[in-house]
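Trainee: Here you go, one structure.
There are 2 protein chains.
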Amino acid sequence: MLAAFEPAPFRRHAESRVEPLRAHVPLKVFSKDQEIFAEGDEADVFYKVVSGAVRTYKLLSDGRRQIDAFHLAGEIFGAEAGGEHRFTAEAVGEVSLIGYRRRSIDVLAFDDPDLAREVLSATMASLARAQEHMLLLGRKSAVEKIASFLLGLAERMTSGGAVDLPMARIDIADHLGLTIETVSRTLTQLERQGVISLPANRRGVVLKDRAALRRLRA
Amino acid sequence: MLAAFEPAPFRRHAESRVEPLRAHVPLKVFSKDQEIFAEGDEADVFYKVVSGAVRTYKLLSDGRRQIDAFHLAGEIFGAEAGGEHRFTAEAVGEVSLIGYRRRSIDVLAFDDPDLAREVLSATMASLARAQEHMLLLGRKSAVEKIASFLLGLAERMTSGGAVDLPMARIDIADHLGLTIETVSRTLTQLERQGVISLPANRRGVVLKDRAALRRLRA
DNA sequence: CGCTCCATTGATCGTAGTCAAGAGTCGTGG
DNA sequence: CCACGACTCTTGACTACGATCAATGGAGCG
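Going down the list, the sequences are from chains A and B. For any residue, its number in this note's numbering is found by taking its place in the first sequence, counting from 1, and adding 10. For any residue, its number in this note's numbering is found by taking its place in the second sequence, counting from 1, and adding 10.
See below:
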């Protein structure tokens, strides 16, 4: 079943901080750790992040978790080929989203070619990121993983030096295929080397030496 | 840049063993280890496998390799969001392919909605497989990786018990995030346990106990 | 102020990687 | 048809990176 989309109705309302696909569309708001949809749910709606961050993940039967991606403001997630979602989506912190209803691609391309382009483009961008992430998971060391993660996040957030880390250590670990202890040790090690600094509140990282990080990224 | 596609002209000719998107399209043939396209090449054509297997991979600067996927008969690869390919594609053994030229998605959806559907569907299927593979790379043990790989290959080849392995051990290793030695040891271990058997020619595996493999897959 | 949760740090373990040697397979040519 | 050589795969011994187990530290909230 091919899928494409149109705006869906919403239950909640909040102000928009990011240009939505259509102006003045009401937003869905989710609180920290709230589930947006679960693996296996019917995929009749997909989302675009307006503010906050979303994690999408899969679980093994014994509870091991792999977070395939964090979705930041402006990014689309949850567009599926089949009738159901293939991963679970949760709010990392407080999140506001725009939802779109599925429609077939040829109808969409005729009615709203811009949205059709955006959906295909978002899907291809997700695939590109997934391929890059497979390289990281399969072939990079712990330091290389952390360096890649920090630089990637900094790029997407377009922040000047100080990167906000909306997610906990355990989320970073489950994204990079590491344990929470290894994430912590590696961050400490990078701080000792003077490459980054870790403010006391633990929710941010200052990239002090991007060139060094780029060298460590592999 | 959004992309979609139409049949491209070909240099070589061979008979088709799989239903092509259009009847009687001449095929491109590649010999073992021949490059189909490289990371960074202009992505003006994408391909559908008619026979044989293709590997697509990325490299780190020091030569570490991650094979993100093997593409078997009937599968589409090389459809990119941007203007250039984001990975290298090579023939695993002898391969024959159909090539399609890129066109914009709205033109394609209007002219040939079936092909547009197939491209979006193939992209979403690739993404689904990539997500499954990230779970494998990030969170599974060596035995779990090998068991998952063998079962996945068996499903896609629809073979009865005996699975042909068109790729070398090093390719399997670079796909699963392991070394060639670990792949070899793990296969031997599974053979000793009576779960599989490995014919002398090394190019096949007989799945003797699928239930056991499914249990080991995690 | 004290409780809870998360992060950090330390000590030890284990899985897979590395280094190295040998065996098997296949292709080539006499 | 067999001998040789190249290459891939297997096996063994040892290492190391990250995981696990455990204790402590620190931030944020009620």
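All C-beta atoms in this analysis are idealised placements derived from N, C-alpha and C, irrespective of residue type, glycine included.
1) To test your reading of the DSSP string, which unbroken beta strand (DSSP E) runs of 3 or more residues are found completely within the segment 170 to 196 of chain B?
2) Closer than 8 Å to a non-hydrogen atom of the ligand NAP - does that hold for the CB of residue 184 of chain B?
3) Who are the neighbours of residue 42 of chain A on chain B, taking C-beta pairs under 7 Å?
4) Indicate the three-state DSSP secondary structure (helix, strand or coil) for residue 32 of chain A in the structure shown.
5) Would you say residue 159 of chain A reaches chain B, if we count a Cβ-Cβ gap shorter than 9 Å as a contact?
6) Excluding the five sequence neighbours on either side, which residues of its own chain have a C-beta within less than 6 Å of the C-beta of residue 155 of chain B, listed in chain order?
7) Indicate whether at least one CB of chain A lies closer than 9 Å to the CB of residue 208 of chain B.
8) Flag this pair as yes or no: are the beta carbons of residue 196 of chain B and residue 208 of chain B separated by less than 9 Å?
9) Applying the 10 Å Cβ sphere with the 16-neighbour rule, what's the burial state of residue 211 of chain B?
10) What residue from A:67, A:110, A:66, A:215 has the CA that sits closest to residue 36 of chain A's CA?
11) Taking 9 Å as the threshold (C-beta atoms), are residue 99 of chain B and residue 45 of chain B in contact?
12) Mapping DSSP to helix, strand and coil, what is residue 150 of chain B?
13) Is the shortest distance between the beta-carbon of residue 148 of chain B and the beta-carbons of chain A less than 9 Å?
14) Under 9 Å between C-beta atoms, does residue 152 of chain A make it to chain B?
15) So which residues of chain A does residue 58 of chain B contact, with C-beta pairs closer than 9 Å?
16) With a CB to CB cut of under 7 Å and the five nearest residues on each side skipped, what residues in its chain are close to residue 163 of chain B?
17) If you measure from the beta carbon of residue 74 of chain A to each beta carbon in chain B, is any gap under 9 Å?
18) Can you check DSSP and say which residues form a bridge with residue 40 of chain A?
19) Whose CA, out of A:218, A:71, A:94, A:200, lies closest to the CA of residue 171 of chain A?
Mentor: According to the structure shown:
1) 172 to 174
2) Although the ligand NAP was asked about, the structure shown includes no ligands whatsoever.
3) Correct list: empty, because the minimum Cβ distance to chain B is about 24 Å.
4) With a pLDDT of 48 at residue 32 of chain A, under the threshold of 50, the modelled position of that residue is not reliable, and the figure given next carries that caveat. Correct three-state label for residue 32 of chain A: coil.
5) no
6) 146, 186
7) no
8) no
9) exposed
10) A:110
11) yes
12) coil
13) yes
14) no
15) Ordered by position in chain A, no residue passes the 9 Å Cβ test against residue 58 of chain B, which lies about 17 Å from the chain.
16) 173
17) yes
18) A:105
19) A:218
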